[in-house]
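K.L.:
Quick one: this structure, given as structure tokens, is what I'll be asking you about.
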Amino acid sequence: MEEQLSEKELADLKAKELDILVKFDRMCKENNLRYFITAGTLLGAVRHKGFIPWDDDIDVVMLRKDFKKLNGVCKKALPEGLFLQDKKNDKGYPFHFDKIRLDNTEVIDPFLEGVNMHKGIYIDVFPVDKCPENNKLAQFMFKWVSTTSYALIAKQNKDFDFDYTKKSARMLYHFMIKMPRGFIIAMRDFVVGIFNVFCSGKKLCTVSGAHGFPRETYKSEWFEDKIMLPFESGEYPAPAGYDSLLTNMYGDYMKPPEDDEKSGHFTSVESDK
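Here is the structure:
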């Protein structure tokens, strides 16, 4: 069993993540950016009115039109001490979503061992994209993004390997590892961009989310309105269709998981480096 954070470490981590969220929320309000809490953060708000006790991160989503504006807004309005981590600002960053990182801190995620990038305490900011209504095309979209992202990790960590069951995905993965970083990112963005142009928008997805297809696919009407939900000491925007979203993602989401399923991402956290 992998090492877990102590209660004190987890409490300190959550406090710093919450502070990032408070500042992110203020920045978004002041710059007319819409976002929603999602995944474990949304579940925590509904079931616990705050963090899930064993959870160690914060997740938010933005519809693609708002996500596109995030980099520009952060350049002029992101509070001092925070860093927008994306494919442009951090050349070692492998993912298709962004993070707001806290400078002078570090969290250790074994999955990203050997990756040279900013590893400060963070919140995740995922784009919500248009998704094909055809399930095979949707699965391809999810697999394409994950495969290209894993290839970017493997380019830095030679011991990293992801065991794909499908031969086609395995071939793509090993092909991409040999390509330059810019080519991999361009191909990833191209495919996602094509679906955003040609899909109807009735179905949406967080194509880079942790739960994958079909659990991170949504009906567009779930995001048409927002509802404010309590989370720790504040209230934050959630999709008005949060019940449908959580049911699709977790099933009977009000039922806590078994003890062996209660784990976080990190094995170590350092503050004030």
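So the sequence shown is numbered by our numbering: it starts at 1437 and just counts up by one.
C-beta: ideal position from N, C-alpha, C; glycine also.
In this text the structure is predicted, and so the values were computed from the model without any measurement.
With distances taken between CB atoms, is the gap from Gly1528 to Met1553 smaller than 8 angstroms?
P.N.:
For Gly1528 and Met1553, yes; Cβs fall inside 8 angstroms.
K.L.:
Please name the residue in Gly1670, Leu1457, Glu1443, Phe1519 whose C-alpha comes closest to that of Ile1494.
P.N.:
Of the candidates Gly1670, Leu1457, Glu1443, Phe1519, the one whose C-alpha sits nearest the C-alpha of Ile1494 is Leu1457.
K.L.:
With DSSP as the reference, label Cys1641 as helix, strand or coil.
P.N.:
The answer is strand: DSSP assigns Cys1641 an E or B state.
K.L.:
Is there contact between the segment 1608-1622 and the segment 1631-1648, where contact requires at least three CB pairs shorter than 8 angstroms?
P.N.:
Verdict: no, contact absent.
K.L.:
Excluding the five sequence neighbours on either side, which residues of its own chain have a C-beta within less than 8 angstroms of the C-beta of Ile1663, listed in chain order?
P.N.:
So the qualifying residues of the chain are Pro1673, Ala1674, Pro1675, Ala1676, Tyr1678.
K.L.:
So what's Lys1602 in DSSP terms, helix, strand or just coil?
P.N.:
Lys1602: coil per DSSP, three-state reduction.
K.L.:
Just the C-alpha distance for Phe1649 and Ser1442, rounded to the nearest angstrom, thanks.
P.N.:
If you take the alpha carbons of Phe1649 and Ser1442, they lie about 33 angstroms apart.
K.L.:
Less than 8 angstroms between the C-beta atoms of Gly1710 and Leu1538, yes or no?
P.N.:
Outside the displayed range of the chain (1437 to 1709) lies residue 1710, so it cannot be described from this structure.
K.L.:
Just confirm the distance between the C-beta atoms of Met1498 and Val1561, as a whole number of angstroms; I'd bet it's less than 8 angstroms.
P.N.:
So it is a contact: roughly 6 angstroms between Cβ atoms.
K.L.:
Quick one: grab the DSSP three-state call for Arg1624.
P.N.:
Arg1624 falls in the helix class under three-state DSSP.
K.L.:
Where does Ala1475 land, buried or exposed, given buried means 16+ other C-beta within 10 angstroms?
P.N.:
Buried.
K.L.:
How about Thr1584 and Ala1605: do their beta carbons lie closer than 8 angstroms?
P.N.:
Contact: no.
K.L.:
Could you tell me the boundaries of the beta strand (DSSP E) in which Gln1521 lies?
P.N.:
Gln1521 -> beta strand (DSSP E) spans 1518-1521.
K.L.:
Excluding the 5 residues flanking Leu1588 on each side, which residues of the same chain have their C-beta closer than 7 angstroms to its C-beta?
P.N.:
Contacts found: Pro1530, Arg1617, Ile1620.
K.L.:
Is DSSP giving Pro1692 helix, strand or coil here?
P.N.:
Coil.
K.L.:
Can you name the start and end residues of the beta strand (DSSP E) that Tyr1678 belongs to?
P.N.:
No beta strand (DSSP E) holds Tyr1678; the alpha helix (DSSP H) holding it covers 1678-1686.
K.L.:
Taking Cβ to Cβ, would you say Lys1639 is nearer than 8 angstroms to Lys1614?
P.N.:
Not in contact: Lys1639 and Lys1614 (Cβ atoms no closer than 8 angstroms).
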